[in-house]
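Here is the structure we will look at, set down as structure tokens.
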């Protein structure tokens, strides 16, 4: 979580910031591009704004990322992207 410039003026404490930082390097490394970024934003919107059940969105995300299991934009590796780590 990240403190936003206006958080202090709105009375927010640094330990409870109003922002969320989402890095794109990892999803780019998996070969995702603009279209996939739009879909990721939609997943976030569904949970935070539309109040959709996070467990249902989680299942959609698992299906979405099923095709993104290989490291791109890097040296070739015989290992899958998350052979040693499980992320869902």
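Numbering (UniProt numbering), first residue to last: 1 to 88. Don't be surprised by glycine CBs; every beta carbon is placed ideally from N, CA and C. Given the structure is predicted, the values throughout are model-derived calculations rather than measurements.
Our contact map puts residue i next to residue j with C-beta atoms below 8 Å; I'd like the distance itself, whole angstroms only.
| i | j | result |
| --- | --- | --- |
| residue 72 | residue 29 | 6 Å |
| residue 27 | residue 36 | 7 Å |
| residue 64 | residue 31 | Not a contact, Cβ separation roughly 13 Å. |
| residue 60 | residue 70 | The pair is not a contact, with the Cβ atoms about 21 Å apart (cut-off 8 Å). |
Starting from residue i, trace the alpha helix (DSSP H) both ways and give me its first and last residue.
| i | result |
| --- | --- |
| residue 40 | 34-48 |
| residue 54 | 54-65 |
| residue 28 | 25-29 |
Per DSSP, what kind of secondary structure is residue i in: helix, strand or coil?
| i | result |
| --- | --- |
| residue 16 | coil |
| residue 79 | coil |
The region 4-13 / the region 41-48 touching (three or more Cβ pairs under 8 Å): no
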